[in-house]
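So the sequences go chain by chain: C and U. With our numbering, the residue at position 232 of the first sequence is 259, and numbering never jumps. With our numbering, the residue at position 58 of the second sequence is 61, and numbering never jumps. In this text, a Cβ means the ideal position worked out from N, Cα and C, and glycines have one as well. On a predicted model such as this, the values are computed, not experimentally measured, just so you know.
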Amino acid sequence: MGVFVFLPLVLPVTALPIARLAEQHLHPRVSTRLLTLLAAVLGLCSTLCLGLLMVVGTAQLPGNPLPDGWSDPEVRAAVPYAEIAGAAAIPLLAAALTACGATLRRHRRIRARAHRALDVLPAGADPAVLPDDEPYAYAVPGTPARPGRPARPGRIAVSRGMLHSLDEDERRALLAHERAHLRCRHHRYLLAVRLAGCVNPLLLPLRSAVAFATERWADEEAARTVGDRRLTARAVGRAALIARPGAAPELAHFAAPEPGPVPRRVAALLGPVPPARHWPPALTPAGLAALVAAAGTAASALSALNAAVALFLVLKAATPL
Amino acid sequence: MGGTPFGKSLGDLGGSGRERARRRGQGQLEAQVLAALHHSSGPATAAWVQQRLGGDLAYTTVMTILSRLHAKQAVTRERSGRAYVWTPAADEAGLAALRMRRVLDGEPDRDAVLASFVSALSAHDEQLLRTLLDRAADDGPAPGAAAPDGPGHRDPSDHTPGG
Chain C
28 MGVFVFLPLV LPVTALPIAR LAEQHLHPRV STRLLTLLAA VLGLCSTLCL GLLMVVGTAQ
88 LPGNPLPDGW SDPEVRAAVP YAEIAGAAAI PLLAAALTAC GATLRRHRRI RARAHRALDV
148 LPAGADPAVL PDDEPYAYAV PGTPARPGRP ARPGRIAVSR GMLHSLDEDE RRALLAHERA
208 HLRCRHHRYL LAVRLAGCVN PLLLPLRSAV AFATERWADE EAARTVGDRR LTARAVGRAA
268 LIARPGAAPE LAHFAAPEPG PVPRRVAALL GPVPPARHWP PALTPAGLAA LVAAAGTAAS
328 ALSALNAAVA LFLVLKAATP L
Chain U
4 MGGTPFGKSL GDLGGSGRER ARRRGQGQLE AQVLAALHHS SGPATAAWVQ QRLGGDLAYT
64 TVMTILSRLH AKQAVTRERS GRAYVWTPAA DEAGLAALRM RRVLDGEPDR DAVLASFVSA
124 LSAHDEQLLR TLLDRAADDG PAPGAAAPDG PGHRDPSDHT PGG
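This is the structure we're talking about:
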């Protein structure tokens, strides 16, 4: 197997250029799905790889419950630097799993707290208008049913400050945008890429890429619902301008800074409708990006699978049972 | 982030981390006091509220919170003998707003769960955005757009000339 064993750990490096290309050339819906799938597959392969390295590299340590046969010379010969890699894999795997657990817990806690806050309002209040001068609008995802608690549908919370600063048409665009978030279950994509980022930090660029793609997706849905792209662009732009200007952290820029997400969304809405094809033609940059993404994902998945199967066979042969 | 629910903004923009932590604690207490008042069948005294909250808070603290809620028009008070009796003025929506604010201020990393309509702008973004919107408005009225969109109408709350 050689150094290819480590490939699934390093292949997520391709995430950043793929995310860039997808944003420029794909419909936000396709982009969201593709990037989330990429994050999930690469994250799973990377975790699998770490787990196997840990098994092989540490089976020999005293006090280890694993069979000693699993770290026979022939098994370790299959993995370069087996001891070092195995020892390094333990804290990495532990850190990844801890981070995933913390992310899941935080996700549940924030969702539950937001629902509790809105519980005092009647369930039919859609959107839930909150008497607050601070302009904000949020989509609170629904929660599935649990024993002893019914399922809660997703809700939209809009502050009075936000509603007052938009006109009637812009409010429709705002609500259509938030409803699209709930209907298309964007929080699931966001959670998936967040978990992938916990598992392998090389996947972190996908987090902001998918966050941006879901916003663009919701913008496109809103524009379709209200039937006016320019109106939707105006709603997004005005909402951003009233929402506490200058609150963003101002980083020192050496060159002209790259535009942030809101101007890019407005510019995209003022432009033409993005092509809704599922797969772009192969000889365009978009097509090449998609091909690279598919090839990278496939290579990562195959090498992880290859490593898993080979290790399984070797371990089975080494086990006396 | 700054600002206060219920009418008047007290002008606490931005602020340091310590400042924000202090305000978050206040928000929690205010929601608790308001919830306690909602459970009362009629006007309640500060001592009743204190008892209702389990006696963890000093009487003066309860009085401070009630006065603050009064300043925000979330409660009303009237004199009864030598003390005030308090009635919640904020309805359920007001309480929900207070609680929601608590979640938003208390969870800095909430973006993956609660999808916000817009994210914060940097100064450069703001300038860029104004240019984009102006250009869109200059291109003529959008098909189906209702109101004529003059410069004053576009930007009612924050009329700062230039970036």
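- In the structure shown, S122(U) falls within a coil segment according to DSSP collapsed to helix, strand and coil.
- Listed along chain C are V147, each with a C-beta nearer than 7 Å to that of L98(U).
- Not a single C-beta of chain C is nearer than 8 Å to the C-beta of L40(U).
- Looking only at E248(C), L193(C) and L231(C), the smallest Cα-Cα distance to H204(C) is reached by E248(C).
- Counting along the chain, L43(C) sits inside the alpha helix (DSSP H) bounded by residues A42 to H52.
- Spatial neighbours of A86(U) in its own chain (CB-CB distance under 6 Å, excluding positions within 5 residues in sequence) are listed in chain order as T48.
- Remark: three or more beta-carbon pairs, one from each stretch, lie closer than 8 Å, so the segment 96-107 of chain U and the segment 150-161 of chain C are flagged as touching.
- Note on E161(C): 16 or more other CB atoms within 10 angstroms of its CB, so buried under the neighbour-count rule.
- For S83(U), there is no enclosing alpha helix (DSSP H); the enclosing beta strand (DSSP E) covers residues V78 to S83.
- Annotation: T63(C) to P46(U) spans about 54 Å, alpha carbon to alpha carbon.
- Taken in chain order, the members of the segment 214-235 of chain C whose beta-carbon sits within less than 9 Å of a beta-carbon on chain U are H214, L217, L218, V220, R221 and R234.
- Burial check for A61(U): the Cβ neighbour count within 10 Å stays below 16, so the residue is exposed.
- By a beta-carbon distance limit of 8 Å, L107(U) does not contact A38(U). Their separation comes to about 18 Å.
- For the pair V37(C) and G323(C), the Cα-to-Cα distance works out to about 11 Å.
- Taking the beta carbon of V106(U) as reference, the chain C residues within 8 Å of it are I137, R140, A141 and A144, listed in sequence order.
- Boundaries for R179(C): no alpha helix (DSSP H) harbours it, and the DSSP string shows neither H nor E there.
- Collapsing the DSSP output to three states places A116(C) in a helix.
- Contact between P39(C) and N227(C) holds: their C-beta atoms lie close to 5 Å from each other, under 8 Å.
- Of all alpha-carbon atoms in A121(C), A270(C) and A236(C), the one lying nearest the alpha-carbon of V220(C) is that of A236(C).
- A distance of 8 Å or more separates the beta carbons of A118(U) and H134(C).
- In the DSSP assignment, P35(C) falls within the unbroken alpha helix (DSSP H) covering L34 to V37.
- Cβ atoms of T85(C) and A114(C) come within 8 Å of each other, at about 7 Å.
- For L40(U) against V78(U), the beta-carbon gap comes to about 6 Å, under 8 Å, which counts as contact.
- Look at L37(U) here: in three-state DSSP terms it is helix.
- The Cβ of R210(C) sits no closer than 8 Å to any Cβ of chain U.
- Boundaries of the beta strand (DSSP E) harbouring V88(U): A86 to P91, taken from the DSSP string.
- Nearest to G264(C) by alpha-carbon distance, out of L119(C), A238(C) and R292(C), is R292(C).
- Within chain C, the residues whose beta carbon sits less than 8 Å from that of S122(U) are A267, A275, G287, P288 and V289, listed in sequence order.
- The contact set of D114(U) on chain C, defined by CB atoms closer than 9 Å, consists of L217 and A238 in chain order.
- For A74(U), there are no neighbours in chain C by C-beta distance under 9 Å, as the nearest C-beta there is about 14 Å away.
- Selection R113(U), V116(U), A50(U) and E129(U) evaluated against W89(U) yields A50(U) as nearest (Cα-Cα).
- K343(C) and A335(C) have their C-alpha atoms spaced approximately 12 Å apart.
- Residues of chain U whose Cβ lies closer than 7 Å to the Cβ of E247(C) do not exist; the shortest such Cβ separation is about 15 Å.
- In the structure shown, the three-state DSSP call for Y216(C) is helix.
- At a cut-off of 8 Å, the C-beta of T63(C) has no neighbouring C-beta in chain U.
- Within the DSSP bridge table, the entry for Y165(C) names A184(C) and S119(U) as partners.
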